[in-house]
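Enquirer: In the numbering used here, the protein residues as written are 55 to 372.
Below is one structure. I have some questions about it.
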Amino acid sequence: MEEYKHYPVMLNEAVGALNCTDGKLYIDATLGGGGYSELILKQISPNGQLIAFDVDEAAIKYAGEKLKDYKNLTIVNESYTNIKKYLEKNKIKEITGGIVFDLGASSAQLTSKERGFSFLSNSKLDMRFNQRADFSAYDVVNDYREDELVRIFSEYGEERFSKRIAKKIAEKRKIKNIVTTKELTDIIFEATPRIKSKIHPATRVFQAIRIEVNHELDNIKNTLNEVLTLLSNGAILSVVTFHSLEDRIVKQFFKYYSHEWIDAQERSIEYARGGIIKYNKPLIELINKKPITACEEEIKINPPSRSAKLRAARRINK
Numbered sequence: 055m056e057e058y059k060h061y062p063v064m065l066n067e068a069v070g071a072l073n074c075t076d077g078k079l080y081i082d083a084t085l086g087g088g089g090y091s092e093l094i095l096k097q098i099s100p101n102g103q104l105i106a107f108d109v110d111e112a113a114i115k116y117a118g119e120k121l122k123d124y125k126n127l128t129i130v131n132e133s134y135t136n137i138k139k140y141l142e143k144n145k146i147k148e149i150t151g152g153i154v155f156d157l158g159a160s161s162a163q164l165t166s167k168e169r170g171f172s173f174l175s176n177s178k179l180d181m182r183f184n185q186r187a188d189f190s191a192y193d194v195v196n197d198y199r200e201d202e203l204v205r206i207f208s209e210y211g212e213e214r215f216s217k218r219i220a221k222k223i224a225e226k227r228k229i230k231n232i233v234t235t236k237e238l239t240d241i242i243f244e245a246t247p248r249i250k251s252k253i254h255p256a257t258r259v260f261q262a263i264r265i266e267v268n269h270e271l272d273n274i275k276n277t278l279n280e281v282l283t284l285l286s287n288g289a290i291l292s293v294v295t296f297h298s299l300e301d302r303i304v305k306q307f308f309k310y311y312s313h314e315w316i317d318a319q320e321r322s323i324e325y326a327r328g329g330i331i332k333y334n335k336p337l338i339e340l341i342n343k344k345p346i347t348a349c350e351e352e353i354k355i356n357p358p359s360r361s362a363k364l365r366a367a368r369r370i371n372k
C-alpha cells in the first residue's frame, strides 16, 4: 500500500485537548492519514466511538487500512460540512466527547503531481480536495472576471500584487486557456516585480485559489456553528489552523461564544420593534486563552507546522 504522507501536526496537543474518555463519542472532522484518529482510538477503546470524515478517497483508503483493526471506528466519505446531516440521519443526538479539526491540506495532497496544489511541479490546474467535485482551479483561473480574481487574491491570499496578476491572467487567457500549474506560475512571475522574499511569488495566489475552489473559509464558519449545537455539556472542540484567515475565524468564533452573546435574528427582530435585546449565556469556555503552537523540535521535523495554531474550548450552559 502506497503511503499517504501526512504529518499530524501537534498530535499530542490537539488530541490531548479532547481529554479522551472511554465510552464517549468523538469526531475526527478531517481524517487525513489517520494520525489523530489512531491516537483517539487508543484512548477511547474498547467502548468509545469515533466517527471520522474525509472527502479524499486516497486518504480514506490509506487510513482505512491503517485503522482496520478498530471496530469502534466509522469512516465517512463526506466533507466535515455534512457532520450534522450525518448524525441526524443516524439518529445521533449529541457528540458526547468532542471533535477535532485539522484544517490544513495534507502533505499527500500538496505534493501530489496529479492534484495541482503545488507550483513546484507541473500538473493540470485542479486543487480539489473532493475529486468528485466538478469545480476546480481551472474554472477559477479561466472563468472568473478580472475583478473577481483581484478579490480572491487579495482576501484569501493577502497578495499585494493582486491587480497586476489578475490583469496578466486575463490577458493570457484571451490567447488560450491556462491549463497547467506551470503556465499559471510563469504568469505570476511575469506579473510581479522581483523583490527579496522568503516566500515563492506564487504561494499566495495558489493558496487563494485553493481556498476558493474548496470554499474553505465559509465551510469553517458554517460548520463551527453547526457542531456547537451538537456538543453535549463538557464536550471539547479542538481546532488546528494553518494560516491567519482560518485562525481569525476560529478566534472570533471562540471569543463570541465564550462571552454573553446576541442571536443575530433575534437582535434584528427586537431592534425593529424597539424591544429589549436579549443576551444569552456563554456557550463555551476557553481551554487555552492563547493559541498553542508547535515546539521547535516538531518544526524541525515538519517545517509547515511553524504556521499552525491550536485553539480549544469546552461546551457549557447547555
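Glycine residues also receive a C-beta, built at the ideal position from the N, C-alpha and C atoms.
Quick caveat, the model's predicted, so the values are computed rather than measured.
#1: Kindly indicate which residue of Ile219, Leu291, Glu148 and Asp180 has the alpha-carbon position closest to the one of Thr234.
#2: Short check: CB of Met64 to CB of Leu364, under 8 Å?
#3: Does DSSP put Met55 in a helix, a strand or coil?
#4: Consult DSSP for Asn334 and reduce its assignment to one of helix, strand or coil.
#5: Taking the straight line between their C-alpha atoms, what separation do you get for Glu339 and Ile316?
#6: Whole angstroms are fine: how far does the CA of Thr135 sit from the CA of Ile105?
#7: How big is the Cα-Cα spacing for Ile341 and Ile290?
#8: According to DSSP, is Glu324 helix, strand or coil?
#9: Would you list the residues sitting across from Phe189 in a DSSP beta bridge?
#10: Report buried or exposed for His297, applying the criterion of at least 16 other Cβ atoms within 10 angstroms of its Cβ.
#11: Counting pairs of Cβ atoms below 8 Å between the stretch 106 to 124 and the stretch 181 to 192, do you hit three or more?
#12: Rounded to the nearest angstrom, what separates Ile242 and Ile265 at their Cα positions?
#13: Where are the beta strand (DSSP E) runs, 3 residues long or more, that stay fully inside the stretch 59 to 127, in chain order?
#14: Check whether the stretch 213 to 221 and the stretch 299 to 311 touch, using three or more Cβ-Cβ pairs below 8 Å as the test.
#15: On the premise that Asn356 lies in contact with Tyr61, defined as a C-beta separation below 8 Å, what is that separation, rounded to the nearest angstrom?
#16: Should Lys250 and Gly151 be called a contact, given that it needs their Cβ atoms to be closer than 8 Å?
#17: By Cβ distance, which residues of its chain are closer than 8 Å to Lys372, with the 5 residues on each side in sequence left out?
#18: Is the distance from the Cβ of Ile219 to the Cβ of Ile232 below 8 Å?
#19: When you compare each of Ile146, Gln97 and Val195 to Tyr124 by their alpha carbons, which one comes out closest?
#20: Tell me which residues share the same chain as Ala117 and place their Cβ nearer than 8 Å to its Cβ, disregarding the 5 neighbours each side in the sequence.
#21: Counting only the same chain and skipping the five closest in sequence on each side, list residues whose C-beta sits under 6 Å from that of Met55.
#22: Would the beta-carbon of Leu419 fall within 8 Å of that of Val281?
#23: Excluding the 5 residues flanking Ala362 on each side, which residues of the same chain have their C-beta closer than 8 Å to its C-beta?
#24: Which parts of the stretch 189 to 277 are runs of the alpha helix (DSSP H), unbroken and 4 residues or longer, counting only runs that do not cross its ends?
#25: Exposed or buried, which one is Lys226 when buried takes at least 16 other CB atoms within 10 Å?
#26: Among Glu314, Arg360 and Ile229, which residue has its Cα nearest to the Cα of Tyr32?
Expert: Concretely, from the data shown:
#1: In the sequence shown, counting from the first residue as 1, residue 234 sits at position 180. With distances taken between Cα atoms, Thr234 lies closest to Asp180.
#2: Position 10 of the sequence shown, counted from the start, is the residue given in the question as residue 64. Position 310 of the sequence shown, counted from the start, is the residue given in the question as residue 364. Yes, the pair counts as a contact, with Cβ atoms nearer than the cut-off.
#3: Position 1 of the sequence shown, counting from 1, holds the residue named residue 55. Caution applies to Met55, whose pLDDT of 43 falls short of 50 and renders its modelled position unreliable; the model cannot decide the point.
#4: Counting from 1 along the sequence shown, the entry for residue 334 is found at position 280. Look at Asn334 here: in three-state DSSP terms it is strand.
#5: Residue mapping note: residue 339 aligns to position 285 of the sequence shown, counting from 1. Residue mapping note: residue 316 aligns to position 262 of the sequence shown, counting from 1. The straight-line gap from Cα to Cα measures roughly 17 Å.
#6: The residue given as residue 105 occupies position 51 in the sequence shown. The residue given as residue 135 occupies position 81 in the sequence shown. Separation of Ile105 and Thr135 (C-alpha to C-alpha, rounded to the nearest whole angstrom) is 14 Å.
#7: For the purposes of this step, residue 341 is taken as the residue at position 287 of the sequence shown. For the purposes of this step, residue 290 is taken as the residue at position 236 of the sequence shown. Separation of Ile341 and Ile290 (C-alpha to C-alpha, rounded to the nearest whole angstrom) is 9 Å.
#8: Counted from its first residue, the sequence shown places residue 324 at position 270. Caution applies to Glu324, whose pLDDT of 49 falls short of 50 and renders its modelled position unreliable; the value that the coordinates give is listed next. Residue state for Glu324 is assigned as helix, using DSSP reduced to three classes.
#9: To locate residue 189, count along the sequence shown from 1; it is residue 135. DSSP output for Phe189 lists no bridge partner at all.
#10: Against the sequence shown, residue 297 aligns to sequence position 243. With 16 or more other Cβ atoms within 10 Å, it is buried.
#11: For the pair of segments examined, the stretch 106 to 124 was found to touch the stretch 181 to 192: the number of CB pairs separated by less than 8 Å reaches three.
#12: Start at 1 with the first residue of the sequence shown, and residue 242 comes out as number 188. Start at 1 with the first residue of the sequence shown, and residue 265 comes out as number 211. Rounded to whole angstroms, the separation of the alpha carbons of Ile265 and Ile242 is 18 Å.
#13: Counting only runs of 3 or more, we get 79 to 82 and 103 to 107.
#14: Judged by pairs of C-beta atoms under 8 Å, the stretch 213 to 221 does not touch the stretch 299 to 311, as fewer than three such pairs exist.
#15: Your numbering for residue 61 matches position 7 in the sequence shown. Your numbering for residue 356 matches position 302 in the sequence shown. Here Tyr61 really is in contact with Asn356; their C-beta atoms are around 4 Å apart, less than 8 Å.
#16: Taking the sequence shown and counting its residues from 1, the one referred to as residue 250 is at position 196. Taking the sequence shown and counting its residues from 1, the one referred to as residue 151 is at position 97. Result no, Cβ atoms of Lys250 and Gly151 do not sit closer than 8 Å.
#17: The residue labelled residue 372 in the question sits at position 318 within the sequence shown. Counting only Cβ-Cβ distances below 8 Å, and skipping sequence neighbours, we find Leu285, Ser286, Asn287 and Leu337.
#18: In the sequence shown, residue 219 corresponds to position 165, counting from 1. In the sequence shown, residue 232 corresponds to position 178, counting from 1. No. Outside cutoff.
#19: Looking up residue 124 in the sequence shown gives position 70. The candidate whose alpha carbon is nearest that of Tyr124 is Gln97.
#20: Position 63 of the sequence shown holds residue 117. Correct list, in chain order: Tyr58, Leu85, Gly86, Gly87, Gly88, Ser91, Ala106, Asp108 and Ile129.
#21: For the purposes of this step, residue 55 is taken as the residue at position 1 of the sequence shown. Low confidence applies to Met55: its pLDDT is 43, below 50, so where it sits in the model is not reliable, and the reading given next is rough at best. So the list reads Glu119, once near-sequence residues are dropped.
#22: The structure shown does not extend to residue 419, since the chain spans only 55 to 372, so no value can be given for it.
#23: The count along the sequence shown starts at 1 and reaches residue 362 at position 308. Correct list, in chain order: Val63, Met64, Gly158, Val294, Thr295, Phe296, Thr347 and Ala348.
#24: The qualifying runs are 191 to 197, 200 to 211, 216 to 229, 235 to 245 and 257 to 268.
#25: Position 172 of the sequence shown, counted from the first residue, corresponds to residue 226. Burial state of Lys226 is buried, judged by a 10 Å Cβ sphere holding 16 or more other Cβ atoms.
#26: Residue 32 lies beyond the stretch modelled for the chain, which goes from 55 to 372, so this question has no answer here.
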